[in-house]
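Colleague: Numbering (our numbering), first residue to last: 3 to 528. Idealized CB from N, CA, C, for every residue including glycine. If you're wondering where the values come from, they're calculated on a predicted model, not measured in any experiment.
(1) Are at least three pairs of beta-carbons, each pair with one atom in the region 469-478 and one in the region 386-396, less than 8 Å apart?
(2) How about residue 20: is its C-beta nearer than 8 Å to some C-beta of chain B?
(3) Mind reading off the beta-carbon distance from residue 54 to residue 169? Whole number of angstroms is fine, and I expect it under 8 Å.
(4) Helix, strand or coil for residue 46 per DSSP?
(5) Which of helix, strand or coil does DSSP assign to residue 1?
(6) Using the three-state DSSP reduction, which class does residue 280 fall into: helix, strand or coil?
(7) How would you write the range of the alpha helix (DSSP H) that residue 5 sits in, first residue to last?
(8) Note the first and the last residue of the continuous beta strand (DSSP E) segment covering residue 340.
(9) Suppose you measure from the CA of residue 106 to the CA of residue 100; what does that come to, to the nearest Å?
(10) Taking 7 Å as the limit between beta carbons, can you name the residues of its chain near residue 141, skipping five residues before and five after?
(11) Residues bridged to residue 493 by DSSP?
(12) Could you check which residue in 313, 20 and 479 has the C-alpha nearest to that of residue 144?
(13) Could you work out which residue in 306, 329 and 357 is closest to residue 339 when comparing CA atoms only?
(14) DSSP has residue 230 in a bridge; who is on the other side?
(15) So, with DSSP's three-state summary, where would you put residue 191?
(16) If I measure Cβ to Cβ from residue 430 and keep anything under 8 Å in the same chain, skipping five residues before and after, which residues do I get?
(17) Mind pulling the alpha helix (DSSP H) runs of 4 or more residues that sit fully within the region 150-209?
(18) Grab me the residues of residue 125's own chain with a C-beta within less than 7 Å of its C-beta, minus the 5 sequence neighbours each way, in chain order.
(19) Leaving out the 5 sequence neighbours to the left and right, which residues in its chain are closer than 6 Å to residue 178 when beta-carbon positions are compared?
(20) Using beta-carbon positions only, say whether residue 333 and residue 269 come within less than 8 Å of one another.
(21) Pairing CB atoms from the region 236-250 with CB atoms from the region 218-227, are three or more of them under 8 Å?
(22) I'd like the span of the beta strand (DSSP E) that includes residue 414, first residue to last.
(23) Quick check on the burial criterion: 16 or more other C-beta atoms within 10 angstroms. Buried or exposed for residue 527?
(24) Using only the alpha-carbon positions, how far apart do residue 62 and residue 192 sit?
(25) With 16 other CB atoms within 10 Å as the buried threshold, where does residue 506 fall?
(26) Give me the residue from 52, 203, 404 and 289 with the minimum Cα distance to residue 500.
(27) Please list the terminal residues of the continuous alpha helix (DSSP H) segment that includes residue 131.
(28) Going by C-alpha to C-alpha distance, which of 452, 428 and 440 sits closest to residue 504?
(29) Quick one, which of 88, 414 and 447 has its alpha-carbon nearest residue 6's?
(30) Assuming residue 148 and residue 67 make a contact with CB atoms under 8 Å, what is their CB distance in whole Å?
(31) Just list the residues that DSSP pairs residue 434 with in beta bridges.
(32) Does the region 180-191 come close enough to the region 293-303 to have 3 or more Cβ pairs within less than 8 Å?
(33) Any heavy atom of the ligand SAH closer than 7 Å to the CB of residue 143?
(34) Where does residue 460 fall in DSSP's three states?
(35) By the 10 Å Cβ neighbour count, where 16 or more other Cβ atoms means buried, how is residue 45 classified, buried or exposed?
(36) Can you give me the start and stop residues for the alpha helix (DSSP H) that residue 440 sits inside?
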């Protein structure tokens, strides 16, 4: 596929507001592509250039992109090459792999080599892909519909296959190679997105949502890890599917010794303790990101495993088994010392006591899980519920304004957005400058400028890549934002670098909180 053909497809997608037409356009295009091309196109259109598990990051910010663009505009080669999608993608891979002191110059040269052979429309589309902002309305859900239509498969089977593939490009390549969706399953050392939880106001509501009886687990403020093990070989993946094996040697050793299985995939929380209390989340993040002095840090700040689920064991995929059955299997293969603290109860008083016990030990709260729950990778279904003292939402920062007074010189007033799964858009639900330290404002300014996609002088809009945990007093109806909602007294509790933007709260969650408030106020006035 020529890159100019991808431009034509992008223009056609932009031209129609109808979802059905977008699906038909994409399906028709996918049918004509080679499997490898389909993988690339699927990733580019959804704003993800590389699979998360690859560890590749382009490392091209607004300033470098602008320099490459400006330096090649107006240049007219004697003969302009027609670039293919694969040629463009390979150049991006090389740019991502460029490292060392000379990396910026090499990235610049690679971008220039692409832009000089591109028309204005091609260069503009590539720039949008690089910034992760294609703005074509081709989100993952729409791509899955198009894939189903392209290969003549049932949509639900394609969605299920995506849960296991974990990457839209990998799935496109497999399906267009003739692999049946039903054959796509969990693979060892290929991470899947973690199962997600809904919020519950209290343990009483959580028990009710779980059918009156549930498993309650301590909710640690730790780092979610997916452990993949085959014999002595162990790899660790974060919730963003990033491989962090080399950063956590002590966790690798614990997994080798304390998970007694030939092959296994275990879902767990990595936690650390000091004087009997959990380490701060920020300290855990630094450990996971550490690339130097790893052995020393492992001695000074060792992490432990708190295992709570098992997805795969010795050739058997377990995600379709009920939670109770998976827990029994986990008990058989995992040493008791690494199992999460847990009770099963239908008694509200006992559940509340367990919740208070978790809080007294410095934890966030509890998780409540339906006993018949399957494991649904990447899905926030009504099977698991988190209960915490304060209501918070994980929101994505999509823009920021320059501050005034003490905050002058920093991008410090942040636009907070929730995900609309039906369109893949992030819709603003509030704005805040509260919660961060001066050092964090400075660091955020640097990061946001790297993620900038549009500059309005006093305000910049950025690629939706930074997730923040946000506390608020209530959700209000508001015509100010397209979402129709606004958070009152929003405050950033902490940044969540361990979370991807796809894990952000959805507009449906915001709406549910608003409706719950409305019902509560109505009862109070009776």
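Modeller: So, from the listed chains and residues:
(1) Counting Cβ pairs under 8 Å, three or more are found: they touch.
(2) Protein chain content of the structure displayed is limited to a single chain, and chain B is not contained in it.
(3) As a first step, residue 54 is located in the chain shown; it is residue number 52 there, counting from the start. As a first step, residue 169 is located in the chain shown; it is residue number 167 there, counting from the start. So it is a contact: roughly 7 Å between Cβ atoms.
(4) Taking the first residue of the chain shown as 1, we reach residue 46 at position 44. Helix, per DSSP.
(5) Coverage of the chain is limited to positions 3 through 528, which leaves residue 1 absent and any answer about it impossible.
(6) Position 278 of the chain shown, counting from 1, holds the residue named residue 280. If DSSP states are grouped into helix, strand and coil, residue 280 belongs with the strands.
(7) As a position in the chain shown, residue 5 is number 3, starting the count at 1. Per DSSP, residue 5 is one residue of the alpha helix (DSSP H) stretching across 5-17.
(8) Your numbering for residue 340 matches position 338 in the chain shown. Run containing residue 340: none; DSSP gives neither H nor E here.
(9) Within the chain shown, numbered from 1, the residue matching residue 106 stands at position 104. Within the chain shown, numbered from 1, the residue matching residue 100 stands at position 98. Straight-line Cα distance between these residues: approximately 8 Å.
(10) Counting from one through the chain shown, the residue named residue 141 turns up at place 139. If we look at residue 141 and ignore the five residues flanking it on each side, its Cβ neighbours are 48, 425 and 426.
(11) If you number the chain shown from 1, residue 493 lands on position 491. Bridge partners of residue 493: 473.
(12) Locating residue 144 in the chain shown gives position 142, where the first residue counts as 1. For residue 144, the closest C-alpha among the options 313, 20 and 479 is that of 20.
(13) Counting from one through the chain shown, the residue named residue 339 turns up at place 337. Distance check between residue 339 and each of 306, 329 and 357 places 306 closest, using alpha-carbon atoms only.
(14) The residue you call residue 230 lines up with position 228 of the chain shown. Per DSSP, 237 and 267.
(15) By 1-based counting over the chain shown, the position of residue 191 is 189. DSSP places residue 191 in coil when its eight states are reduced to three.
(16) By one-based count along the chain shown, residue 430 stands at place 428. Cβ within range, chain order: 400, 401, 417, 418, 419, 483, 484 and 485.
(17) Fully enclosed alpha helix (DSSP H) runs of 4 or longer: 157-167 and 170-178.
(18) For the purposes of this step, residue 125 is identified with residue 123 of the chain shown, where counting begins at 1. Leaving aside the five residues that flank residue 125 on each side, the residues in its chain whose CB is nearer than 7 Å to its CB run, in chain order, 71 and 117.
(19) The residue labelled residue 178 in the question sits at position 176 within the chain shown. For residue 178, the CB contacts under 6 Å within the same chain, skipping 5 residues up- and downstream, are 37 and 40 in chain order.
(20) On the chain shown, position 331 is the one that residue 333 refers to. On the chain shown, position 267 is the one that residue 269 refers to. No; because the gap between Cβ atoms is not below 8 Å, this pair is not in contact.
(21) In short, these stretches touch, since the Cβ pair count reaches three.
(22) As a position in the chain shown, residue 414 is number 412, starting the count at 1. For residue 414, the enclosing beta strand (DSSP E) covers residues 413-422.
(23) Sequence index remark: in the chain shown, residue 527 carries index 525 (1-based). Low local confidence applies: a pLDDT of 47 at residue 527 is under 50, so the model's placement there is unreliable, with the coordinate-based value given in what follows. Burial call: exposed.
(24) The residue labelled residue 62 in the question sits at position 60 within the chain shown. The residue labelled residue 192 in the question sits at position 190 within the chain shown. Spanning the two alpha carbons is a distance of roughly 26 Å.
(25) Mapped onto the chain shown, residue 506 falls at position 504. Buried, since its Cβ has 16 or more Cβ neighbours within 10 Å.
(26) In the chain shown, residue 500 corresponds to position 498, counting from 1. That would be 289, whose Cα lies nearest to the Cα of residue 500.
(27) Sequence index remark: in the chain shown, residue 131 carries index 129 (1-based). Taken as a continuous stretch (DSSP letters only), the alpha helix (DSSP H) holding residue 131 covers 122-132.
(28) Numbered from its first residue, the chain shown carries residue 504 at position 502. Here the closest residue by C-alpha is 428.
(29) If you number the chain shown from 1, residue 6 lands on position 4. The shortest Cα separation from residue 6 among 88, 414 and 447 belongs to 88.
(30) Locating residue 148 in the chain shown gives position 146, counting from the first residue. Locating residue 67 in the chain shown gives position 65, counting from the first residue. About 28 Å separates the CB atoms of residue 148 and residue 67; that is not less than 8 Å, and the two are not in contact.
(31) Counting from one through the chain shown, the residue named residue 434 turns up at place 432. Beta-bridge partners assigned by DSSP to residue 434: 416.
(32) Taking 8 Å as the limit for Cβ pairs, the verdict is that the region 293-303 does not touch the region 180-191.
(33) As for the ligand SAH, it is missing from this structure, which has no ligand bound.
(34) One-based indexing of the chain shown puts residue 460 at position 458. Coil.
(35) For the purposes of this step, residue 45 is taken as residue 43 along the chain shown, with counting starting at 1. The C-beta of residue 45 has 16 or more other C-beta atoms within 10 Å across all chains shown, which makes the residue buried.
(36) Here the question's residue 440 lines up with position 438 in the chain shown. That run of the alpha helix (DSSP H) goes 440-452.
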